[in-house]
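**Student:**
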Amino acid sequence: VGRLQKSPEGAQAQFVFEADGKSLREPPLVILPNTKLMMMENAITGATKDLRFRVSGMITEFRGRNYLLLEKVTVEPEPRQQF
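When we follow our numbering, the leftmost residue of the sequence shown carries the number 1, and every step to the right adds one.
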């Protein structure tokens, strides 16, 4: 579970994992362009709040950097606060 963000250079989309507070934060994955990425971008454009996504796919490595080819994407509902 995480969020879609632009890379610091602004040229690529990346998936940033949500921190669970139990372990070190995972580095972001560069998302390889496909229709699933386009659907994520369209969902964010039409949203009124920051969306969280659950994704699955294939991770590949090239020159020391990890890349994600999206296969399945779902929007995660907002967590409910429990007291």
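By construction, the Cβ of each residue, glycine as well, lies at the ideal position given by its N, Cα and C atoms.
Since the structure is predicted, the reported quantities are computational estimates derived from the model, not experimental observations.
(1) According to DSSP, what are the bridge partners of Ala13?
(2) Who are the near neighbours of Ala47 in its chain, counting only those whose CB is closer than 7 Å to its CB and skipping five residues on each side?
(3) Exposed or buried, what is Ile59 when buried is set at 16 or more other beta-carbons lying within 10 Å of its beta-carbon?
(4) According to DSSP, simplified to helix, strand and coil, what is Asn66?
(5) Judging by CA-CA distance, which residue of Leu68, Lys72, Pro77 and Thr74 is the nearest neighbour of Gln12?
(6) Using only the heavy atoms of the ligand HEM, determine whether one of them is closer than 7 Å to the beta carbon of Phe17.
(7) From Val75 to Asn66, what does the alpha carbon distance come to, in whole angstroms?
(8) Using a 10 Å radius around the Cβ and a threshold of 16 neighbouring Cβ atoms, would you call Phe15 buried or exposed?
**Tutor:** The relevant details are as follows:
(1) One-based indexing of the sequence shown puts residue 13 at position 13. In the DSSP output, where bridge partners are listed per residue, Ala13 has Lys6.
(2) Along the sequence shown, read from residue 1 onward, the residue named residue 47 stands at position 47. There are no such residues.
(3) On the sequence shown, position 59 is the one that residue 59 refers to. The residue is exposed, with fewer than 16 neighbouring Cβ atoms inside 10 Å.
(4) Mapped onto the sequence shown, residue 66 falls at position 66. Correct three-state label for Asn66: strand.
(5) Counted from its first residue, the sequence shown places residue 12 at position 12. Among Leu68, Lys72, Pro77 and Thr74, the Cα nearest to that of Gln12 is on Leu68.
(6) The ligand HEM is not among the ligands present in this structure, which contains no ligands whatsoever.
(7) Numbered from 1 along the sequence shown, position 75 holds the residue referred to as residue 75. Numbered from 1 along the sequence shown, position 66 holds the residue referred to as residue 66. Using only the alpha carbons, I get a separation of about 23 Å.
(8) Numbered from 1 along the sequence shown, position 15 holds the residue referred to as residue 15. It is buried - the Cβ of Phe15 has at least 16 other Cβ atoms within 10 Å.
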